[in-house]
Amino acid sequence: MTTGSHFSYADEQAVTAAGTEDGLVTDEIRKNFASDNVSPACPAVMEALMRANEGSVGSYGDDILSRSLNARFGEVFEAEVAVFPVVTGTAANSLALSALVAPYGAVLCDQSAHISNDEGGAPEFFMHGAKLVTLPSADGRMSPDALRTGLRANAQGGILKPPIQALSLTQATEWGTVYALKDLAALCGIAHEQDLPVHLDGSRLSNAIAHLGCTPAEATWKAGVDVLSFGGTKCGALAAEAVVFFVNERTRPALKDFERRIKRSGHLWSKARFLSAQLLALLEDGLWLKNSAHANAMAQRIVEGLRRHAGAQLPFETQGNEVFVILPDLLVKDLEAAGYAFYRWPTPEGVSGTLIRLVPSFYTREQDVNALLAEIAA
């Protein structure tokens, strides 16, 4: 299955308004499970922003917070890194890939990848026409066999096909699954055998690390990742992501002009301290991982409750904070009528019911999950 157009702007406005009056929350129970993007920024991030708001400092990254990013990320990831903060995940993914691929080239990714389904053509735009070539998977996790088949098919096409110049993986995947470290390393190894750099869409990397119980280094460059789109917004930032290059022979060429790419695309913030402050706050005392571990725990609580419901079907293993479940059509409508917000997903052919996605966040409490499960069981 692949993701597709599953939620309109009008739909989002409607569910955002559910349970509110004049923009103020009127319902004690938090019913919006549409995404981890619907949560507020976590208090530590807001406090960091207020501290950063004192005085006049250098612009365009010439401030003490921005100048400390490379060192701080280097400590966390145990590597030499080059960090470029941006506002959105789409910008991080698109800019990272544009530095790896020529306009006549192509990127291999899973068929469910966010860059292929949910970024409005931005990666292709930033890459000046380079293609995204998708590979099939059962649950968002690309297999070594699929990767080898895709590389072989591309090579056999010769001059008629755009050459594969990078591999992009997603961790955690769009289906809420997580690559085991050995499987991630196997894919990166195959790519490196072909001299291909590996990009990792880490919008929910913190959820994957929390699930795996590994270090950030083990989840990235030690497995073979060359460039990371570091996700901050979903785990508590107001709006902050980062392109993180692990400095090596595959990334040094891309780094030569990356600052120019940032500027040319309109993603060089003049008041960069406010991006940097958010990222540093998330890294402080492992807050990004603590927030995501809580979100994962709430997802597991939802799964445990759904397993007790005879009408619920769980098509994928929940390893991060995304829960996909097929529920009877009437029950889905009843949940919506009760004010619950979630995404409807394309339901597989021949399957009775409606596939929905439920996404808790650091902001989700046990009582919110309990209320949701009680509504489902009613």
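Each residue of the sequence shown is one higher than the last, beginning at 1 in the UniProt record's numbering.
Using N, Cα and C, we set each Cβ at its ideal position, and we do this for glycine too.
Here the structure is a predicted model, which means the values were calculated and not measured.
Beta bridge counterpart(s) of residue i as assigned by DSSP
{"i": "Y343", "result": "R357"}
{"i": "H199", "result": "S168, V227"}
{"i": "Q313", "result": "I326"}
{"i": "T134", "result": "C109"}
{"i": "A237", "result": "Answer is none; A237 lacks a bridge partner."}
{"i": "N32", "result": "A341"}
{"i": "A371", "result": "According to DSSP, A371 bridges with nothing at all."}
{"i": "V38", "result": "Its beta-bridge partners do not exist; DSSP assigns none."}
{"i": "A242", "result": "P85, F230"}
Within 8 Å, strictly: CB atoms of residue i and residue j
{"i": "F246", "j": "W221", "result": "yes"}
{"i": "I29", "j": "D368", "result": "yes"}
{"i": "G150", "j": "L108", "result": "yes"}
{"i": "P136", "j": "Q111", "result": "yes"}
{"i": "A82", "j": "N93", "result": "no"}
{"i": "Q319", "j": "T215", "result": "no"}
{"i": "V45", "j": "G231", "result": "no"}
{"i": "A34", "j": "F274", "result": "no"}
{"i": "A98", "j": "M142", "result": "It should be noted that the sequence gives Ser, not Ala, for residue 98. No, Cβ-Cβ distance for S98 and M142 is not below 8 Å."}
{"i": "R357", "j": "V323", "result": "yes"}
{"i": "residue 453", "j": "N37", "result": "Given that the chain is displayed from residue 1 to residue 378, the structure contains no residue 453 and the question cannot be resolved."}
{"i": "A217", "j": "E78", "result": "yes"}
{"i": "A41", "j": "H199", "result": "no"}
{"i": "T90", "j": "A113", "result": "no"}
{"i": "A295", "j": "L287", "result": "no"}
{"i": "L330", "j": "I376", "result": "no"}
{"i": "R307", "j": "E366", "result": "no"}
Inter-residue Cα distance where the pair is residue i and residue j
{"i": "G353", "j": "A312", "result": "9 Å"}
{"i": "P346", "j": "N154", "result": "30 Å"}
{"i": "D22", "j": "Y60", "result": "Confidence at D22 is low in this model, with a pLDDT of 38, below 50, so its placement is unreliable and no value can be given for it."}
{"i": "R204", "j": "T251", "result": "23 Å"}
{"i": "D139", "j": "A106", "result": "23 Å"}
{"i": "V25", "j": "M298", "result": "For V25, the pLDDT reaches just 46, beneath the cut-off of 50, and the residue's location in the model is therefore unreliable, leaving the point undetermined."}
{"i": "S229", "j": "V57", "result": "27 Å"}
{"i": "I326", "j": "A272", "result": "43 Å"}
{"i": "N370", "j": "A293", "result": "18 Å"}
{"i": "L132", "j": "L279", "result": "29 Å"}
{"i": "I190", "j": "P144", "result": "8 Å"}
{"i": "G129", "j": "P103", "result": "5 Å"}
{"i": "S276", "j": "S66", "result": "5 Å"}
{"i": "G305", "j": "A337", "result": "20 Å"}
{"i": "F362", "j": "L283", "result": "15 Å"}
{"i": "L167", "j": "T134", "result": "10 Å"}
{"i": "A374", "j": "L289", "result": "29 Å"}
{"i": "D285", "j": "G74", "result": "15 Å"}
{"i": "E119", "j": "H309", "result": "35 Å"}
{"i": "A146", "j": "I64", "result": "45 Å"}
{"i": "G224", "j": "P360", "result": "30 Å"}
{"i": "P348", "j": "K161", "result": "31 Å"}
{"i": "K182", "j": "D226", "result": "16 Å"}
{"i": "V101", "j": "N291", "result": "34 Å"}
{"i": "L196", "j": "A219", "result": "19 Å"}
{"i": "S39", "j": "P253", "result": "38 Å"}
{"i": "P43", "j": "T364", "result": "14 Å"}
{"i": "W175", "j": "N248", "result": "31 Å"}
{"i": "L335", "j": "N117", "result": "27 Å"}
{"i": "L187", "j": "Y340", "result": "39 Å"}
{"i": "D201", "j": "H267", "result": "18 Å"}
{"i": "A180", "j": "R344", "result": "28 Å"}
{"i": "R72", "j": "L212", "result": "22 Å"}
{"i": "D62", "j": "S68", "result": "10 Å"}
{"i": "A255", "j": "R148", "result": "First, the residue type needs correcting, since residue 255 is Leu and not Ala in the sequence shown. Going from the Cα of L255 to the Cα of R148 covers about 28 Å."}
{"i": "E124", "j": "R152", "result": "23 Å"}
{"i": "P163", "j": "Q194", "result": "11 Å"}
{"i": "Q165", "j": "N321", "result": "31 Å"}
{"i": "A378", "j": "I115", "result": "39 Å"}
Cutoff 8 Å: residue i Cβ touching any chain D Cβ
{"i": "M50", "result": "Of the chains in the structure shown, none is chain D; there is only one protein chain."}
Is the number of C-beta pairs between the stretch 236-252 and the stretch 86-97 that are closer than 8 Å three or more?
Output reads yes: the stretch 86-97 touches the stretch 236-252.
Start-end ranges of the alpha helix (DSSP H) lying completely within the stretch 42-90, minimum 4 residues
Runs of the alpha helix (DSSP H) inside the stretch 42-90: 43-52, 64-67, 69-77.
So, do the stretch 205-220 and the stretch 171-189 have three or more beta carbon pairs nearer to each other than 8 Å?
In short, these stretches touch, since the Cβ pair count reaches three.
Sequence ranges, beta strand (DSSP E) only - wholly within the stretch 246-310, length at least 3:
Complete beta strand (DSSP E) runs here, min 3: none at all.
Flag this pair as touching only if the stretch 41-52 and the stretch 252-262 have three or more C-beta atom pairs under 8 Å; answer yes or no.
The stretch 41-52 vs the stretch 252-262: no contact.
Does the stretch 349-365 come into contact with the stretch 301-320, if we say contact requires no fewer than three beta-carbon pairs (one atom in each stretch) closer than 8 Å?
Yes: the two stretches touch, three or more of their Cβ pairs being nearer than 8 Å.
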